[in-house]
Every structure is written in structure tokens, then in C-alpha cells.
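J.:
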Ligand code: UD1
């Protein structure tokens with residue numbers, strides 16, 4: 237069964253390609269390599285013993301998307317990761333984000349609704365909840381006004397898919413709302429490859445540990461949390477990848493109860509920034525150089541998932557602890573610096 241993975245050379249995409257191939261799916265990747273490298277294919281091949289098909293296509297080129305679906309008429313499912321994801325950049329360049337994340341989604345959906353039957357998995361984010369009023373966050377928590385154009389593309393993306401599903405019974409879709417993905421494959425063949433200075437906490441920590449950055453700035457210790465730093469739900473990327481395979485299977489096997497569904501993907505456990513630092517220090521045996529600085533604009537205080545729906549309906553549960561995920565992130569950092 238042929239599955240298209242857009243952005244399949246990226247961080248979460250590459251881990252998902254591995255899990256799909258391990259389950260026997262035939263994978264074709266589309267990636268424009270704007271934030272990834274063709275070398276990732278080698279890592280996927282080493283892990284799975286199989287090289288996925290790969291086409292370097294920019295999804296903004298509509299004619300190329302149309303041509304792709306003509307040549308691969310046997311694609312039965314699409315997992316759509318390809319998107320821009322830097323929150324700060326999205327504020328500076330909103331139109332780039334709307335074109336990259338919304339325009340391309342529309343082109344893909346146009347192809348899928350023209351098929352007899354199609355399954356579609358969308359990368360959404362817990363960012364759609366903003367600062368939720370209650371913890372843990374369930375899927376029925378209200379979607380709040382987006383803090384950035386990036387966040388808005390996730391909200392709008394979900395709405396576009398929901399609207400399209402309403403009038404196209406042949407299209408089945410699931411949006412997965414990720415909490416904070418981290419870590420690398422246990423084989424250390426694939427992992428996160430941030431370009432430039434990482435914006436996210438875990439790669440910044442591992443780069444600081446590796447001596448690439450001098451010091452981690454902890455953004456605020458005056459939040460109303462156990463130690464004053466923000467709380468997030470850090471989910472191991474391999475666990476997250478497996479959630480995609482289960483979601484896809486649900487659609488391919490026609491087990492979905494609605495043709496548009498939403499699931500949180502997190503661990504259900506919140507960790508503060510200082511706890512994440514402690515985890516790094518524990519698994520690496522190194523002291524991390526960090527200092528407390530002012531809050532970062534736009535940060536919410538606390539977000540962690542209620543994962544009951546994914547547990548019960550998808551039969552998915554996160555397996556790895558924060559320490560295990562951190563260890564994999566550290567092993568990966570050492571490998572790419574080594
Ligand atoms: C961020 C995005 C979110 C996106 C997600 C994708 C923002 C405001 N939000 O989430 O929309 O879906 O990435 O991965 O950018 N921290 C530090 N020092 C650092 C970096 C982070 O203290 O150098 C803290 C942050 O204040 C936060 C936590 O670490 O409390 C996690 O930050 P980050 O990894 O950037 O993720 P989010 O902000 O949760």
C-alpha cells in the first residue's frame with residue numbers, strides 16, 4: 237500500500253517513514269529540502285533496510301503536485317508534514333507562512349477529493365489551544381485566538397480539512413495535535429537537525445551541552461508553576477511517529493467514527509524547564525550552563541495533554557520517559573558533532 241509522506245525528510249517525518257516501512261507500507265516522500273537534507277534517506281535506509289522513493293518537489297508548484305498524483309495514482313494515504321514551523325519567522329513573514337502552509341494544503345486536498353477514497357493525516361499542534369483554562373487539555377478544549385501566523389496556519393489548516401471532509405465523504409482525515417516532540421531514533425541514524433540557532437528547548441540544551449552554545453537562557457522563573465518555569469508535555473518522536481501509523485491504519489481500515497477526527501498526542505505528563513534541564517544533566521552526566529532571563533513573549537504557562545482519546549480510540553500510548561527521550565537526543569547530538 238503506497239503512502240505519500242510530505243516533509244518526509246524532516247524531524248517527525250523521517251521517524252514516521254521508518255515506522256511506516258517497518259509496518260510494510262511502501263513510502264514515497266515529497267520534500268523540498270528547504271529545512272532538511274537528502275542525506276536523511278541514508279539513515280532511513282540503514283534502519284529499515286529499504287530506501288523510500290523520494291521526489292524533490294516544492295508543493296507550492298501546483299502543476300508539479302498534479303503531475304505527481306497522475307504518476308502515483310495508487311497513493312492511498314497521505315501524511316502531510318511539509319510546513320514552515322518557526323514561530324518568530326512567521327510573525328515577520330506572514331504571507332510566506334500562509335502560502336507555504338495553507339496554499340500547499342489546498343493543492344493536496346484538491347488531489348485527494350478527486351480520488352474514490354483517500355486517507356489524510358495532518359500535523360497539527362497543541363498551539364491551537366493557546367493557554368487552555370483546564371489541565372490536562374482534552375480535544376474538546378476551545379481553540380483560542382492564535383498567537384502567531386504559524387499557529388494560525390495550524391488552526392486554519394484544521395478548519396479547511398473539516399470543511400472539505402463535510403462535503404467529501406470519500407475523504408477521511410485525522411488531525412494530530414502534537415505537544416512538544418523531542419529525541420532521536422534509538423539507532424542514532426536520524427534525529428533533529430535544526431538550522432542555525434535552535435528555537436526549541438531540547439536542541440538548545442543538547443547543543444549547549446555539546447559546547448556549540450555557551451549558555452541556555454531559561455525564559456522566566458516567575459510563572460505560577462511548581463518551580464516558576466513553564467510546563468510542557470515532551471513527547472518522544474518515535475512514540476509520536478507510531479501515533480501516525482495507528483491513525484493512518486484507522487482510516488485505511490475504515491474504523492473511524494467520523495470522516496474528520498482530532499487527537500492529542502502527548503504523554504499526559506507536564507515537565508518544567510528546570511526538570512528538563514535536570515533530565516539532561518542526569519543522562520549526560522554534565523552540568524548545563526544556564527541562566528534565568530526574562531519571559532519570552534507569547535509563551536504560555538502550562539500545557540499538557542489529556543491522552544485518553546488517543547489511548548482508547550487509537551490504542552496508542554507513549555512508551556518512553558523524558559529521561560529516555562533525552563538520552564536519545566543527547567546520543568544524537570554527540571553523533572552529529574562527533
Ligand atoms: C513552540 C511554539 C509552538 C510550536 C512548538 C513546535 C512558541 C511560542 N511556540 O512551542 O507554537 O508548536 O514550538 O515545537 O515558540 N525555553 C527556554 N529557553 C529556550 C527555549 C525554550 O526556556 O532557549 C522554554 C520556553 O519558554 C518553553 C519551553 O522551554 O517554556 C519549551 O519551549 P519550545 O521548545 O520553544 O516549545 P513551545 O514554546 O512549547
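Residue numbers (the working numbering): 237 to 574. A virtual CB, placed ideally from N, CA and C, is assigned to each residue, including glycine. Values in this document were obtained by computation on a predicted structure and should not be read as measured data.
#1: Where does residue 542 land, buried or exposed, given buried means 16+ other C-beta within 10 angstroms?
#2: With respect to the alpha helix (DSSP H) encompassing residue 573, which residues constitute its N-terminal and C-terminal limits?
#3: Assuming residue 431 and residue 499 are in contact, meaning their beta carbons sit under 8 angstroms apart, how far apart are those beta carbons, in whole angstroms?
#4: Decide yes or no for the touch test of the region 451-465 against the region 526-543: beta carbon pairs closer than 8 angstroms, at least 3 of them.
#5: Closer than 7 angstroms by C-beta to residue 576: which residues in its own chain qualify, once you throw out the five before and the five after it? Chain order, please.
#6: Is residue 321 near the ligand UD1, with its Cβ less than 7 angstroms from a heavy atom?
#7: The alpha helix (DSSP H) with residue 340 in it runs from where to where?
#8: Could you work out which residue in 281, 245 and 275 is closest to residue 268 when comparing CA atoms only?
#9: For a test of the three-state rule: what should DSSP assign to residue 541, helix, strand or coil?
#10: For the alpha helix (DSSP H) containing residue 532, list its first residue and its last residue.
#11: Nearest by alpha-carbon distance to residue 463: which of 508, 423, 562 and 274 is it?
#12: When the Cα atoms are used, what is the spatial distance from residue 378 to residue 574?
#13: So for residue 524, helix, strand or coil by DSSP?
#14: Would you kindly work out how many angstroms separate the C-alpha atoms of residue 403 and residue 330, rounded to a whole number?
#15: Name the residue from 277, 336, 545 and 266 whose alpha carbon lies nearest to the alpha carbon of residue 493.
#16: Measure the Cβ-Cβ separation of residue 393 and residue 336 and say whether it is below 8 angstroms.
#17: Following the continuous alpha helix (DSSP H) through residue 235, name the residue where it begins and the one where it ends.
#18: To the nearest angstrom, how far is it from the Cα of residue 292 to the Cα of residue 305?
#19: Between which two residues does the beta strand (DSSP E) carrying residue 354 extend?
#20: Can you list, in chain order, the residues of its chain whose CB lies under 6 angstroms from that of residue 255, leaving out five sequence neighbours each side?
#21: I need the DSSP call for residue 493, collapsed to helix, strand or coil.
#22: Which residues in the same chain as residue 387 place their Cβ atom closer than 6 angstroms to its Cβ, once the five residues preceding and following it in sequence are excluded?
#23: Suppose you measure from the CA of residue 517 to the CA of residue 526; what does that come to, to the nearest Å?
#24: Secondary structure at residue 308, three-state DSSP: helix, strand or coil?
#25: Apart from the five residues on each side of it in sequence, which residues of its chain come closer than 6 angstroms, Cβ to Cβ, to residue 440?
#26: Leaving out five residues on either side along the sequence, give the residues of the same chain with a beta carbon under 7 angstroms from the beta carbon of residue 251.
#27: Among 515, 468, 242 and 240, which has the Cα closest to the Cα of residue 367?
#28: Would the C-beta of residue 515 count as close to the ligand UD1, meaning under 7 angstroms from any of its heavy atoms?
#29: Among 408, 413, 289 and 344, which residue has its Cα nearest to the Cα of residue 390?
T.: Per the coordinate set shown:
#1: buried
#2: 558-573
#3: That belief does not hold up - the Cβ atoms of residue 431 and residue 499 are roughly 29 angstroms apart, past 8 angstroms.
#4: yes
#5: Because the chain in this structure spans residues 237 to 574, residue 576 falls outside the shown range and cannot be described.
#6: yes
#7: 340-349
#8: 245
#9: strand
#10: From DSSP, residue 532 is part of no alpha helix (DSSP H); its letter is neither H nor E.
#11: 508
#12: 45 angstroms
#13: coil
#14: 29 angstroms
#15: 545
#16: no
#17: Since the displayed the chain opens at 237 and closes at 574, residue 235 lies outside it and no answer follows.
#18: 14 angstroms
#19: 354-361
#20: 477, 478 and 481
#21: coil
#22: 363
#23: 12 angstroms
#24: coil
#25: 434 and 452
#26: 421, 426, 473, 474 and 477
#27: 468
#28: no
#29: 413
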